[in-house]
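Student: Okay, so the sequence shown: first residue is 1114 according to the numbering used here, each after it adds one.
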Amino acid sequence: MTRHSASPTTENELDTPRKRKRTQVRFTSNEDVQLLRYVVESFPYNAPHGFKMLAWSEIANKLRQNYDVDVDGKRCKERTDLLYEQFLKDDKENLHRKSTDEDILEKESLLQQLKLMMDELKTVKKRSGYIRKSESNSEISHSEMTQEIKDENEQLSLSHSMEHEVSDSLTFCAYEKDQLVRNNALYHYGSRPEDFFNHALIAWKQDELKLEIQQIEQLLQTKKRHLNGLLHMISSSTKPHQ
1114 MTRHSASPTT
1124 ENELDTPRKR
1134 KRTQVRFTSN
1144 EDVQLLRYVV
1154 ESFPYNAPHG
1164 FKMLAWSEIA
1174 NKLRQNYDVD
1184 VDGKRCKERT
1194 DLLYEQFLKD
1204 DKENLHRKST
1214 DEDILEKESL
1224 LQQLKLMMDE
1234 LKTVKKRSGY
1244 IRKSESNSEI
1254 SHSEMTQEIK
1264 DENEQLSLSH
1274 SMEHEVSDSL
1284 TFCAYEKDQL
1294 VRNNALYHYG
1304 SRPEDFFNHA
1314 LIAWKQDELK
1324 LEIQQIEQLL
1334 QTKKRHLNGL
1344 LHMISSSTKP
1354 HQ
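Next up, the structure:
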């Protein structure tokens, strides 16, 4: 007699019941209108990060309690996204399928309000991103500007120091020039033999000093332009931005 063994039964078949695929709830035209009313009222798209699905779940709770629509937050968002996409594409055939004239008018009005709110949200997000970027750039620019002003101040200090040195040189040159004039007068009114040699030496020294004075004056003009440029740059950097 042949013994037929039963097919093995797995542990999962004994302990775990078969999962039934949940049927997706279809919204009626009137339920679409109620959904859009709640969406425009609370605008869950603008909920803080981490609270968006909670906002959609609150809408789902209102639909379940007030209109006996068995949906969750995820399904509410998916349906709203679809309606909004159809509205943007002007897909009236699918958007207003099985809708009364009253539902069509209200649905169009609610979706138009939603579009205005979405456009405003995009503008705010762009502006917020620009401000954050500007603030970040401002921090970098402020640091760079601070270092630049520090360098410019050091250059100004160095330039002022050089200016004082040049001023002292001019004072010394003026003193030497007075001494030469005085020696020249002594030559014209003196009668010593070495006066001729002194006259030639004085003439050479005068030419040398004139050249040095010209060089110093050119240096002063150059430094003056440089300092004016630095002052203008510092003044521009410290003015408040409009």
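Don't be surprised by glycine CBs; every beta carbon is placed ideally from N, CA and C.
Report the three-state DSSP secondary structure of valine 1237 (helix, strand or coil).
Tutor: Indexing the sequence shown from 1 puts residue 1237 at position 124. Three-state DSSP puts valine 1237 in a helix.
Student: Quick one: is glutamine 1334 buried, meaning 16 or more other Cβ sit within 10 Å of its Cβ, or exposed?
Tutor: Along the sequence shown, read from residue 1 onward, the residue named residue 1334 stands at position 221. Glutamine 1334 should be labelled exposed.
Student: Tell whether a beta-carbon distance below 7 Å holds between valine 1146 and aspartate 1216.
Tutor: Against the sequence shown, residue 1146 aligns to sequence position 33. Against the sequence shown, residue 1216 aligns to sequence position 103. Yes, the Cβ-Cβ distance between valine 1146 and aspartate 1216 is below 7 Å.
Student: Would you identify the three-state DSSP class for leucine 1343, choosing helix, strand or coil?
Tutor: For the purposes of this step, residue 1343 is taken as the residue at position 230 of the sequence shown. Looking at leucine 1343 - three-state DSSP - the assignment turns out to be helix.
Student: How far does the alpha helix (DSSP H) with threonine 1193 in it extend, from its first residue to its last?
Tutor: Position 80 of the sequence shown, counted from the first residue, corresponds to residue 1193. Run containing threonine 1193: 1186–1201, per the alpha helix (DSSP H) assignment.
Student: Of the choices Gln1199, Glu1171, Ile1315, whose alpha-carbon is the least far from that of glutamine 1225?
Tutor: For the purposes of this step, residue 1225 is taken as residue 112 along the sequence shown, with counting starting at 1. Minimum Cα distance to glutamine 1225 is reached at Gln1199.
Student: To the nearest angstrom, how far is the alpha carbon of glycine 1186 from that of methionine 1346?
Tutor: Counting from 1 along the sequence shown, the entry for residue 1186 is found at position 73. Counting from 1 along the sequence shown, the entry for residue 1346 is found at position 233. Approximately 58 Å between the Cα atoms of the pair.
Student: For serine 1222, does the three-state DSSP call read helix, strand or coil?
Tutor: In the sequence shown, the residue the question calls residue 1222 occupies position 109. Reduced to three states, the DSSP call for serine 1222 is helix.
Student: Beta-carbon within less than 8 Å of arginine 1177's beta-carbon, same chain only, minus the 5 sequence neighbours each way: which residues are those?
Tutor: Position 64 of the sequence shown, counted from the start, is the residue given in the question as residue 1177. Excluding residues within five positions, the ones whose Cβ falls inside 8 Å are Asp1183, Val1184.
Student: Between proline 1157 and alanine 1168, is the Cβ-Cβ spacing less than 7 Å?
Tutor: Position 44 of the sequence shown, counted from the start, is the residue given in the question as residue 1157. Position 55 of the sequence shown, counted from the start, is the residue given in the question as residue 1168. Yes, they are a contact pair.
Student: Should glutamate 1219 go down as buried or exposed, given a rule of 16 or more other Cβ atoms within 10 Å for buried?
Tutor: Taking the first residue of the sequence shown as 1, we reach residue 1219 at position 106. Glutamate 1219 comes out buried.
Student: Mapping DSSP to helix, strand and coil, what is valine 1320?
Tutor: The sequence position of residue 1320 within the sequence shown is 207, counting from 1. According to the sequence provided, residue 1320 is aspartate. The question's valine does not apply to it. Residue state, collapsed to three classes: helix.
Student: How many Å lie between glutamate 1233 and serine 1348 at the Cα?
Tutor: By 1-based counting over the sequence shown, the position of residue 1233 is 120. By 1-based counting over the sequence shown, the position of residue 1348 is 235. Taking the straight line from one Cα to the other gives about 39 Å.
Student: Would the beta-carbon of lysine 1202 fall within 7 Å of that of serine 1142?
Tutor: The residue given as residue 1202 occupies position 89 in the sequence shown. The residue given as residue 1142 occupies position 29 in the sequence shown. For lysine 1202 and serine 1142, no; Cβs fall outside 7 Å.
Student: Taking 7 Å as the threshold (C-beta atoms), are tyrosine 1151 and lysine 1175 in contact?
Tutor: Reading the sequence shown from its first residue, position 62 is the one you call residue 1175. Reading the sequence shown from its first residue, position 38 is the one you call residue 1151. Yes; because the gap between Cβ atoms is below 7 Å, this pair is in contact.
Student: Rounding to the nearest angstrom, what Cα-Cα distance links lysine 1336 and glutamine 1328 in this structure?
Tutor: Taking the sequence shown and counting its residues from 1, one reaches residue 1336 at position 223. Taking the sequence shown and counting its residues from 1, one reaches residue 1328 at position 215. If you take the alpha carbons of lysine 1336 and glutamine 1328, they lie about 12 Å apart.
Student: Hey, out of Lys1318, Leu1148, Leu1223, whose CA is closest to tyrosine 1370's CA?
Tutor: As shown, the chain starts at 1114 and ends at 1355. That puts residue 1370 outside it, with no answer to give.
Student: Please name the residue, chosen from Thr1213, Leu1223, Glu1206, that lies closest to threonine 1193 on a Cα-to-Cα basis.
Tutor: On the sequence shown, position 80 is the one that residue 1193 refers to. For the residues Thr1213, Leu1223, Glu1206, the minimum Cα distance to threonine 1193 belongs to Leu1223.
Student: Let's test the definition: count the other Cβ atoms within 10 Å of the Cβ of phenylalanine 1164 and tell me whether it reaches 16, buried, or not, exposed.
Tutor: Translated into the one-based positions of the sequence shown, residue 1164 becomes position 51. When all chains shown are included, phenylalanine 1164 counts as exposed.
Student: Just reading off the alpha helix (DSSP H) that aspartate 1183 is part of, what are its end residues?
Tutor: As a working note, residue 1183 is residue 70 in the sequence shown. No alpha helix (DSSP H) holds aspartate 1183; DSSP gives it neither H nor E.
Student: Output the boundary residues of the alpha helix (DSSP H) element that contains tyrosine 1158.
Tutor: Counting from 1 along the sequence shown, the entry for residue 1158 is found at position 45. Note, tyrosine 1158: premise wrong, no alpha helix (DSSP H); not H, not E.
Student: Are the CB atoms of leucine 1229 and valine 1153 nearer to each other than 7 Å?
Tutor: In the sequence shown, counting from the first residue as 1, residue 1229 sits at position 116. In the sequence shown, counting from the first residue as 1, residue 1153 sits at position 40. Cβ distance not < 7 Å, so leucine 1229 and valine 1153 don't count as in contact.
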